[in-house]
Structures are given as C-alpha cells and as structure tokens.
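Remember, our numbering sits 381 above the position in the sequence shown when you count from 1.
From the three backbone atoms N, C-alpha and C, an ideal C-beta is built for every residue, glycine too.
Just so you know, these numbers come straight off a predicted model, no measurement behind them.
Take a look at the structure below.
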Amino acid sequence: MQLANDAAAQPEPAPSLRPAGRAGETLQIAAGRMAFIDSMRALAALAVFAFHIRPFVDGFAGQFVGRGWLGVQVFFAISGFVIALSVAESRISPAYVVRFILRRSIRLDPPYWCVIAVTVCLLIASNAVRSDRPLPLPGPAAIGAHLLYLQDLLGYGDIVDIFWSLCIEFQFYLVFIVLLGFVQALSADGCSLRGKAGFAAIVLFSGLGIASFLSGPIFKLPPKIYFLTYWNEFFVGVLCAWALHGRIRAGWCASYFAVAAAAAAFVHWNLEVLTAIATAIVIFSFGKLGTLQHGLAWRPLTMLGRMSYSFYLVHTLVLSRLTRILERSGASSDIKPYIIIPAGFAISLAVAGLLYWLVERPCVRLSKRFKSPRGVDPLMDKQLSTVSIQGPQEFARAERVELRPFPDRPLVTVIVPSYNQGKFIRKTLESIFDQNYEPLEVLVIDGASRDETLDVLKSFGARPGLKWVSEPDRGVVEAVNKGLAAAQGDILAIQSSDDCYTTGAIARAVREFAENPRVGLIYGDTVKIDEHGNDLSRQRIGAYSLENLFLLKTWIPQPSAFFRRELFDAIGGWNERIPYAPDTDFWIRMAFRTEVRKLDEYLSQRRVHDAQRDVHAARIVRDYDLMIEQSADIRQAAGHLQQAAHAGKHLLRVRYNPHNSDWYAAWALIRAAWIYPRSLRWKDIVRYSCIQPVRRCGSRVKRSLRKMLAGGRVKAETLGS
382 MQLANDAAAQ PEPAPSLRPA GRAGETLQIA AGRMAFIDSM RALAALAVFA FHIRPFVDGF
442 AGQFVGRGWL GVQVFFAISG FVIALSVAES RISPAYVVRF ILRRSIRLDP PYWCVIAVTV
502 CLLIASNAVR SDRPLPLPGP AAIGAHLLYL QDLLGYGDIV DIFWSLCIEF QFYLVFIVLL
562 GFVQALSADG CSLRGKAGFA AIVLFSGLGI ASFLSGPIFK LPPKIYFLTY WNEFFVGVLC
622 AWALHGRIRA GWCASYFAVA AAAAAFVHWN LEVLTAIATA IVIFSFGKLG TLQHGLAWRP
682 LTMLGRMSYS FYLVHTLVLS RLTRILERSG ASSDIKPYII IPAGFAISLA VAGLLYWLVE
742 RPCVRLSKRF KSPRGVDPLM DKQLSTVSIQ GPQEFARAER VELRPFPDRP LVTVIVPSYN
802 QGKFIRKTLE SIFDQNYEPL EVLVIDGASR DETLDVLKSF GARPGLKWVS EPDRGVVEAV
862 NKGLAAAQGD ILAIQSSDDC YTTGAIARAV REFAENPRVG LIYGDTVKID EHGNDLSRQR
922 IGAYSLENLF LLKTWIPQPS AFFRRELFDA IGGWNERIPY APDTDFWIRM AFRTEVRKLD
982 EYLSQRRVHD AQRDVHAARI VRDYDLMIEQ SADIRQAAGH LQQAAHAGKH LLRVRYNPHN
1042 SDWYAAWALI RAAWIYPRSL RWKDIVRYSC IQPVRRCGSR VKRSLRKMLA GGRVKAETLG
1102 S
C-alpha cells in the first residue's frame, strides 16, 4: 500500500531502535531499511494475492486463502507505524503538509498512474479485438477522480478493484497530519507530545478509534469509502510507533490494544481490527527486542517487501487478464488453477519488478530532493549542540585503503592521552622507551592534570622523541584526536597512560607490517595487571574475523594495537559522540577497510584499577549501542554481519552488566540469540538463569545462618557470664 511502502527508501534518517517504554524516553530509529517491516509487507502482499486466487482453490485451502483479504489490514497497521515514525521529530505546518504531500506524490503516484494508464489501454485494446462484448471504459472525470484518490467519494467505480484501499489510506494520513499539527500547536515546544498536547492527542485519536467502532452498527457509513471505518487499523500502528519512540507509555498503548481487542471480539465482531492489533503487537515485540532492522532478513522476502507496492498494484490486473485469456482459449476449468496460480504469481512478480525498477525506485530517489522540514526535540537538540565530531567520516562508504610502502625502519608514533595518572605514567613511558626501537615519536597529550603528572613529564627532560603538552580538553577523545592530528609516524599506536608495552612489542608489530604489506591493523594479546603491576590473568584472545569481533569472540585491546597511518587519513579520528566506546568504533571502521592480523603474543599489560573508565558499565553499553546503530559501514554490510553486530549489543551487556543482575545477563543472551542464532550460548544462558541465581541464593542463606549462629553464641556467652 502507499504509505506502508513510503519507507521504502527512508530518505530522512531517523534515530536507532532501542527499547523504550516510558514517556519522554526517546527511541531513535536507525537510518536505513527495516528488514522486518519489509518482510511484513511481503507477507501481507502474498496474503492479498492468495485472496484473489480463491475462486480457483476449493475445500479447506479455499477457505484458508479466502482470509487473505486480512493482508490489507496488515498494510494499514504498517502504514500507521511508518507515518508516525516519519513525522516523529517534525513540526507540522502548512508548508510541511504541502512538502509532505509533494514528496509522497513524487514517490508513489507515478506507479499508480502507470497502472491506471496500462489498464485503460488494455480495455481499449480488448474492445478493439472483441467489439461484440465491449467493456466499460472510464471517462475523463473518472480518471481524474482516480488521480486525486477521490473516485470512491465521488461515486465512480474503481478501475482496478484494489484502488479503494489507496483512497482510504490517502484520507487517513491527511487527517492524521492535520490532527497532529493541531495537537502540536498545544505543546510548549511545538513538536513534542507532552502535557496538554499529549492529553489532546489521546482524546482526539482515541475518540476517532471509538467512532470507528460505532461507524458500522450506528453511523452506517458505506464500507470502502470513508477512512473512519478503518481508523483503528491505522491507529494501532501509530500507537506502536509512539510507544517504541517513547512518546507515550507502553502501558497506555497495551491498554488501548486490550480494550480495542475486547470490543472487536465481544461487542462487535471485527476480524480486521484484531488482525491490525496482532500486527502492531508483533512489530512492538520485535522493536523491544531491537530486531526491526534485521529480523526475518531473508533476502527473497525482503526484496518482495521492497516492491510490494508495485506487486499490490499489478497483481489483480495480471490475474484478471490471464483469466480472460484462458476463458477465450476455451481451457478446461479443471486445469485453470494449475495455470493461473503459478503463472499469475510469476507474471505479477515480473511485472512488479519492472514497475519497481523502472518507475517506483527512480521516483523514490527523486523524492529525496524534497525533504520536509524536521523539528528537533529540544532535549535532543540541547544534547547534540554540546558535542562535535573530530574527524570520523561516519557516512563514507567502506572502500579498501591503499597502503603505501614504508622504509625499512619506519617512524612509529605512540600517542599517550593522560589525565591525573601521575602514579602510572612513568611506567608507561619507560615501557615505550625500553623497547629499543628507533625511530620513535611519543606524544603525551595531558588534560591539565592536577597531580604529579607534570613533574613526571618534566623529569624526562629533553628525551629524544618525547613531546608533551598539558592543557584543558574535553576528555580522552579530544586528547587522542589531537595526538593523531600531530603524529608524524608511518605506524601509529594509542597507549593509555596507565598501561604498558611488553618487551619487544613495537619491533614485533613493525616486523609483522613489513612481512604483510596488505595488513593495516595488528593487535595481540594483553596481560591484566593490578595497580601495583602484579599479574592478574593471562587469557588468549580469540582468532580475528569481523563476525567474531561483533560477537565479542575476539576484541582489540587498545594497548596492544598498531595501525598504518593511511587508515587514519582515510577514516579520521575518534568519535566524540560516543566517548565510552570510541576505540571500538575506530577499530571497526578500520576493519571494513583493511586486512587485520591478530598475533598470538602478549604485546601489552593492561592495568585494572578503580579510577579507570571501564567501571562505567552503563555508559559503555549506551555508547556501544549508539556506535552500532549509527555505523554506515554496518548498514552496508552483508546481512549476517548486520545481525552479528546487533546481537553483539546484547552480548556486551553480559560483560558490562549495568544492573549486576544474572537475570539481566541471561535475557541479554536470549535476545542476542534471537537476533543471530549463531551467537547462541546455551551454557551461559543456563549459568546465568539457573546456576548463578541458585549460588547467590545459597550464599545469602549461608551468610544468614552464620549471622544467626554467631548471634546465638554471643547471646549464650552473655547469659553464661
């Protein structure tokens, strides 16, 4: 259907999907296509096709395909969901409405007009061939009414019998946009649904939902003419989008679904509304799981979903023409089903493909030039105004970076960002200078430390290769970007001011680059040490692959990583919008553009202490999610890599558990497996959902018994004394 397919190009990137359920908690939908929505469109289109072949199917199968008309309600619910998302951050004004209609018309009207033109031409040709039984031709007035979606309101018959749904849909989103603009006029910032605006939205839109239920038994509105009859089918999709976006409470959305379902089931039987509610619940569930971007990402299904609008427009025309041809040929009624069903589907698919590639897709691209003015949530605007990106080219397409030959003894630059790490930075610098490698450049970027850091730096005097600066900055990301911009080396590395290199690490990395000139990023294992330098653990990191990197089967320790300068020149520096995951984002952008080599050697010592950034679990999880959702490289990657990346967001919650809850970790593992089955970790799920809670409960019981016994002994001793 029209607006259900209006997201076919997603021309205006909206924010990424993460679960939300409280009013004011902004859900952002990632730019790009939503594979699950495409698949839902495909299934709805197949259901409508099945409905139109019901005359050729008998028995139980005929009754089953006869329910295919419910695919229209699935389209309606998707339309409500998509339009609510497309205007989620927009300020509705007369200019906005005009540009919105213009863009929608450029994108979706030409395929519709083409089908009208082809249908009229076929009618004329048919009448010329068989003048004894002419078919009625639509007049200029009827064609004009169709072009403006007014044919049903003006009493003209549909040229193609599915056009009534397009008329209903056009009415719906015009009324929706106008009412939303009225509601926004009541809000304080002219955009959000808070306070009076939220109350007005609930009253207006829910009131129309009630009127929709009453339109049949009381108002007696003609079906397939007025949008009010189908308001609930659209509105449940709108509620789903608002709940996921955080504009209303998920509980209120669930309450409306429950009331509407009860009314549709028991007061006035309405299978259409029940189907739309079921569709909205499925979309909401996948949205809460974070799988709208990649759920049901089976390529044939998603491809059919992309051209489902064209398929919807042409399939009845193809079936009717094919039926007439068989009737004129005198084919037996027994063999008609075996010809019409497969041939009708294949021809419909082929014609829809031509319409999509020749008309619909170019129009979608053209419509991108007519972007509607978007309003920005003031809270989000205030947040974004305080950050800037120092270098990363987020939306550059992932192309292989050409690596230049470097000399036999390339210059290696080590960047050391620092702030109040005076008790560790001496060991860090000594581990660099003790590498016995030349030439070497060490850049210490200090953020105006207030401890003994400056004294340590001054104690190195005029050490060759050491350069340092101490001045206020916005944090480690800005410090690293300053260092990267000033670095002169052919090979670069970023070393934390509390970590150290192992002996020979730099020379080993240089040798690996020399032996493998196509490799742009090298990393090795790391030893975990405490603040006194004592070994805590030695664990080998898993073998490298991009999928393993997303699934956290391997990871790139910053202290053990070395990379070629050409990569920094191509992708820029760290991203200030994700201050707690900039290094991971940096490595992933490199991994899409070069070969990566993992060395099975310990190249660094990673210090663990209370003041380091890794203790901020909730912030790390937040920024990692944002990094995955905003990555243009991941959006353009193969489907299995996209799924692995989004599954990795939940796997990270096991390592950085912001709630320190075993149940939370188990749920994160289940969600990851749902997104990408290959990430399934049965042992960990059992451990976190069963074994760990039992152990914790046993520990609590044991401590309680010890306290009781200790208290009893103290009491006995007191009485005895």
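Let me confirm a value: residue 1064 is counted as buried when at least 16 other C-beta atoms fall within 10 Å, else exposed. Which label applies? As a working mapping, residue 1064 is identified with position 683 in the sequence shown. Counting Cβ neighbours within 10 Å, residue 1064 comes out exposed, since fewer than 16 surround it.
Indicate the three-state DSSP secondary structure (helix, strand or coil) for residue 798 in the structure shown. By 1-based counting over the sequence shown, the position of residue 798 is 417. Note: residue 798 maps to strand in three-state DSSP.
Identified DSSP bridge partners for residue 905: Here residue 905 refers to the residue found at position 524 when the sequence shown is read from its first residue. DSSP, once it has assigned bridges, lists 980 as partnering residue 905.
Between the CA atoms of residue 1039 and residue 998 - distance to the nearest angstrom: The sequence position of residue 998 within the sequence shown is 617, counting from 1. The sequence position of residue 1039 within the sequence shown is 658, counting from 1. Cα-Cα distance, rounded: 5 Å.
Nearest neighbour of residue 445, chosen from 434, 455, 453 and 454 [CA to CA]: Mapped onto the sequence shown, residue 445 falls at position 64. Closest option to residue 445, Cα to Cα, is 434.
Can you give the beta carbon distance from residue 549 to residue 608, rounded, assuming they're within the 8 Å contact cut? Locating residue 549 in the sequence shown gives position 168, counting from the first residue. Locating residue 608 in the sequence shown gives position 227, counting from the first residue. At roughly 5 Å, the Cβ-Cβ gap stays under 8 Å, so residue 549 and residue 608 are in contact.
Can you check whether the CB of residue 814 is closer than 9 Å to the CB of residue 792? Position 411 of the sequence shown, counted from the start, is the residue given in the question as residue 792. Position 433 of the sequence shown, counted from the start, is the residue given in the question as residue 814. Contact flag unset, no.
Exposed or buried, residue 650, counting other C-beta atoms within 10 Å across all chains shown (16 or more means buried)? For the purposes of this step, residue 650 is identified with residue 269 of the sequence shown, where counting begins at 1. With fewer than 16 other Cβ atoms within 10 Å, it is exposed.
Looking only at its chain, what residues have a beta carbon closer than 6 Å to the beta carbon of residue 1032, apart from the 5 residues adjacent to it on each side? In the sequence shown, the residue the question calls residue 1032 occupies position 651. Answer for residue 1032: 933 and 1053, listed in chain order.
How do the segment 883 to 900 and the segment 946 to 953 stand: do at least 3 beta-carbon pairs fall below 8 Å, yes or no? no
Among 746, 647 and 621, which residue has its Cα nearest to the Cα of residue 459? Reading the sequence shown from its first residue, position 78 is the one you call residue 459. Checked all of 746, 647 and 621; the closest Cα to residue 459 is 621.
What distance in whole Å lies between the Cβ atoms of residue 493 and residue 555, which are believed to be in contact at a cut-off of 8 Å? The residue you call residue 555 lines up with position 174 of the sequence shown. The residue you call residue 493 lines up with position 112 of the sequence shown. That belief does not hold up - the Cβ atoms of residue 555 and residue 493 are roughly 16 Å apart, past 8 Å.
Determine the closest residue to residue 816 out of 887, 867 and 828, with distance taken between C-alpha atoms. Counted from its first residue, the sequence shown places residue 816 at position 435. It is 887.
Taking the alpha carbon of residue 502 as the point to measure from, which residue in 520, 1006, 489 and 478 has its own alpha carbon closest? Stepping through the sequence shown from its first residue, residue 502 is reached at position 121. The shortest Cα separation from residue 502 among 520, 1006, 489 and 478 belongs to 520.
Which same chain residues end up closer than 8 Å to residue 1089 when comparing Cβ atoms and leaving out the 5 residues on each side of it in sequence? Within the sequence shown, numbered from 1, the residue matching residue 1089 stands at position 708. No residues qualify anywhere along the chain.
Give the list of continuous alpha helix (DSSP H) stretches no shorter than 4 residues that lie fully inside the segment 903 to 945. 927 to 931
Can residue 962 and residue 1005 be called in contact, C-beta distance under 9 Å? Against the sequence shown, residue 962 aligns to sequence position 581. Against the sequence shown, residue 1005 aligns to sequence position 624. Cβ atoms of residue 962 and residue 1005: closer than 9 Å.
Can you list, in chain order, the residues of its chain with a C-beta nearer than 6 Å to that of residue 935? Leave out the 5 residues immediately preceding and following it. Here residue 935 is taken as the residue at index 554 of the sequence shown, counted from 1. Answer for residue 935: 922, 923, 925 and 929, listed in chain order.
When you compare each of 627, 701, 972 and 633 to residue 430 by their alpha carbons, which one comes out closest? On the sequence shown, residue 430 is found 49 positions in, with the first residue counted as 1. Of the listed residues, the one whose Cα sits closest to residue 430 is 701.
Kindly identify the DSSP beta-bridge partner or partners of residue 874. By one-based count along the sequence shown, residue 874 stands at place 493. Answer is 795.
Measure the beta-carbon distance from residue 718 to residue 438 and round it to whole angstroms, keeping in mind my assumption that it falls under 8 Å. Taking the sequence shown and counting its residues from 1, the one referred to as residue 718 is at position 337. Taking the sequence shown and counting its residues from 1, the one referred to as residue 438 is at position 57. At roughly 7 Å, the Cβ-Cβ gap stays under 8 Å, so residue 718 and residue 438 are in contact.
Specify, as a first and last residue, the run of the beta strand (DSSP E) that residue 827 falls within. As a working mapping, residue 827 is identified with position 446 in the sequence shown. Element bounds for residue 827: 821 to 827.
Nearest residue (CA-CA) to residue 981, options 1025, 920, 618 and 1000: By one-based count along the sequence shown, residue 981 stands at place 600. Ranked by how close their Cα comes to the Cα of residue 981, the residues 1025, 920, 618 and 1000 have 920 in first place.
8 Å contact criterion, which residue 1051 and residue 1027 should meet: CB distance rounded: The residue you call residue 1051 lines up with position 670 of the sequence shown. The residue you call residue 1027 lines up with position 646 of the sequence shown. Actually they are not in contact, since the Cβ atoms of residue 1051 and residue 1027 sit about 14 Å apart, beyond 8 Å.
Counting C-beta neighbours from all protein chains within 10 Å, is the total for residue 580 16 or more, i.e. buried, or is it exposed? Position 199 of the sequence shown, counted from the first residue, corresponds to residue 580. Classification of residue 580: exposed, given that the 10 Å Cβ count is below 16.
DSSP beta-bridge partners of residue 986: Position 605 of the sequence shown holds residue 986. DSSP, once it has assigned bridges, lists 881 and 908 as partnering residue 986.
Out of curiosity, what's the CA-to-CA distance linking residue 557 and residue 582? What you label residue 557 is simply residue 176 of the sequence shown in a count that begins at 1. What you label residue 582 is simply residue 201 of the sequence shown in a count that begins at 1. Answer to the nearest angstrom: the Cα atoms are 11 Å apart.
Taking just the CA atoms, how far does residue 668 sit from residue 623? What you label residue 623 is simply residue 242 of the sequence shown in a count that begins at 1. What you label residue 668 is simply residue 287 of the sequence shown in a count that begins at 1. So the alpha carbons of these two residues sit roughly 12 Å apart.
DSSP three-state label for residue 782, please. By one-based count along the sequence shown, residue 782 stands at place 401. In this structure, residue 782 counts as coil in the three-state DSSP scheme.
Let me know the secondary structure DSSP gives residue 468 once reduced to three states. Stepping through the sequence shown from its first residue, residue 468 is reached at position 87. In this structure, residue 468 counts as coil in the three-state DSSP scheme.
For residue 986 and residue 915, what's the separation of their Cα atoms in angstroms? Taking the sequence shown and counting its residues from 1, one reaches residue 986 at position 605. Taking the sequence shown and counting its residues from 1, one reaches residue 915 at position 534. Distance from the CA of residue 986 to the CA of residue 915, rounded to the nearest whole angstrom, comes to 10 Å.
Please state if the CB of residue 882 and the CB of residue 812 are separated by a distance shorter than 9 Å. By one-based count along the sequence shown, residue 812 stands at place 431. By one-based count along the sequence shown, residue 882 stands at place 501. In this structure, residue 882 lies closer than 9 Å to residue 812 by Cβ.
By Cβ distance below 6 Å, which residues in the same chain neighbour residue 797 in space, the five residues on each side in sequence not counted? Against the sequence shown, residue 797 aligns to sequence position 416. Counting only Cβ-Cβ distances below 6 Å, and skipping sequence neighbours, we find 825, 876 and 878.
Quick one, which of 860, 845, 822 and 854 has its alpha-carbon nearest residue 869's? Counting from one through the sequence shown, the residue named residue 869 turns up at place 488. The option with the nearest alpha carbon to residue 869 is 822.
Within 10 angstroms of the Cβ of residue 542, are there 16 or more other Cβ atoms? Answer buried if so, exposed if not. Stepping through the sequence shown from its first residue, residue 542 is reached at position 161. That one is exposed.
Short check: CB of residue 745 to CB of residue 488, under 9 Å? Position 364 of the sequence shown, counted from the first residue, corresponds to residue 745. Position 107 of the sequence shown, counted from the first residue, corresponds to residue 488. For residue 745 and residue 488, yes; Cβs fall inside 9 Å.
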